[in-house]
Amino acid sequence: MWNKRQQRASIKSTDSLIGHGGTLEGKVHCDTNLRIEGTFSGEIICSGVVTVGEEGTVRSSIRAEEIVIAGKVYGDVTADRRLIMTGTGELHGNISAGALSITEGSLLNGSIAMQEQPTSEQAGELKSNTKKDKTAKRSSKAEGTLEAG
44 MWNKRQQRAS IKSTDSLIGH GGTLEGKVHC DTNLRIEGTF SGEIICSGVV TVGEEGTVRS
104 SIRAEEIVIA GKVYGDVTAD RRLIMTGTGE LHGNISAGAL SITEGSLLNG SIAMQEQPTS
164 EQAGELKSNT KKDKTAKRSS KAEGTLEAG
């Protein structure tokens with residue numbers, strides 16, 4: 044009766060939470076969003092959004108699609124898309140991010156490296172130029188063949 048495909052479709056991903064008063068050490072790999080309101084030490088790799096709440100303290104490197112810091116982070120962070128620091132956020136480490144938003148009142152001790160991201164217009168231009176270049180090469184090859192023959 045129950046098909047494996049039906050079971051997999053009914054399973055929904057949930058966000059992960061390290062609650063206030065909780066302490067966790069180790070390595071976290073997650074495909075969903077992660078919220079930390081307690082204390083974490085180790086390494087975080089997440090393909091979703093990592094949020095460090097106002098009561099959260101993280102002693103870890105963090106790599107995620109998006110990172111929101113409202114608590115304290117001690118370690119280097121890499122946000123593939125965007126890093127947001129709220130007015131209560133503290134970061135003691137280096138940043139690598141595609142976009143950065145720092146609210147007045149936040150504290151940052153470290154260096155910042157911005158990743159260049161192409162806009163959709165530039166990406167479209169690159170594709171159209173590539174096609175034009177290929178067409179030009181083909182026509183020049185055809186002309187070269189005609190001249191030689």
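The numbering of the sequence shown is the working numbering, which starts it at 44 and goes up by one.
Here a beta-carbon is modelled for each residue, glycine too, at the ideal position from N, C-alpha and C.
query	result
Local Cβ density within 10 Å of residue 156, reported as buried at 16 or more and exposed below that	exposed
Per-residue burial, residue 114 [other beta carbons within 10 Å of its own, 16 or more giving buried]	buried
Residue 63 in three-state terms, based on DSSP	coil
Cut-off 8 Å between Cβ atoms - residues of its own chain near residue 171, not counting five sequence neighbours on either side	In this prediction, residue 171 scores a pLDDT of 47, lower than 50, which makes its location untrustworthy; no coordinate-derived value is stated.
Nearest candidate by alpha-carbon position, reference residue 131, set 117, 148 and 104	148
Collapsed DSSP secondary structure at residue 144 in the structure displayed	strand
Of the residues 129, 139 and 95, the one placed nearest residue 122, counting alpha carbons only	139
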